[in-house]
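A.B. asks: First, the structure itself, so that you have it in front of you.
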Amino acid sequence: MPLVQRRPILGYSRRSAIEAVLLGQRSLVALSLVLAMLKFRPAPIYILDEVDAALDLSHTQNIGHMIKKHFTTSQFIVVSLKEGMFNHANVLYRTKFCDGTSQVTRHTNKST
Numbered sequence: 001m002p003l004v005q006r007r008p009i010l011g012y013s014r015r016s017a018i019e020a021v022l023l024g025q026r027s028l029v030a031l032s033l034v035l036a037m038l039k040f041r042p043a044p045i046y047i048l049d050e051v052d053a054a055l056d057l058s059h060t061q062n063i064g065h066m067i068k069k070h071f072t073t074s075q076f077i078v079v080s081l082k083e084g085m086f087n088h089a090n091v092l093y094r095t096k097f098c099d100g101t102s103q104v105t106r107h108t109n110k111s112t
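Residues 1 to 112 in full-length UniProt numbering are what the sequence shown spells out, letter by letter.
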């Protein structure tokens, strides 16, 4: 009998659960490094596409807060599927696909 056994946890093996955590940590470290470099050499506009895909909600909210707090002179276009990033947006464009057509609505966050 091997010393380490793989048992499924909610349809995932223990190893894949650990790999998912490690993926989120790697994403957080990489994104922190990129944002630090952007702070050192700022640009007027940035485009980020689902940079929070591997992050949990609390880290997604923290990234959104950090972008809003530390990059006040830059504009960000952020594509995200998570609500945590939306809370810190000044203007939000939501895209919904319905009956074969895409609908885009504009929302302004007055609390920011």
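Don't be surprised by glycine CBs; every beta carbon is placed ideally from N, CA and C. Fair warning: this is a prediction, and the values are worked out from it, not measured in the lab.
Suppose you measure from the CA of leucine 57 to the CA of aspartate 99; what does that come to, to the nearest Å?
C.D. replies: Computed Cα separation, rounded: 30 Å.
A.B. asks: Give me whichever residues DSSP pairs with residue 171 in a beta bridge.
C.D. replies: The shown model of the chain, from 1 to 112, leaves out residue 171, and the question about it has no answer.
A.B. asks: Less than 9 Å separating the beta-carbons of residue 125 and tyrosine 46?
C.D. replies: Any property of residue 125 remains undetermined from this structure, which presents the chain solely from 1 to 112.
A.B. asks: Of the choices Val51, Asn90, Glu83 and Thr105, whose alpha-carbon is the least far from that of glutamine 69?
C.D. replies: For the sequence presented, residue 69 should be read as lysine rather than glutamine. Closest by alpha carbon: Asn90.
A.B. asks: So, for valine 78: in the same chain, excluding its five sequence neighbours on each side, which residues have a beta-carbon less than 7 Å away from its beta-carbon?
C.D. replies: Here the set comprises Leu48 and Met85.
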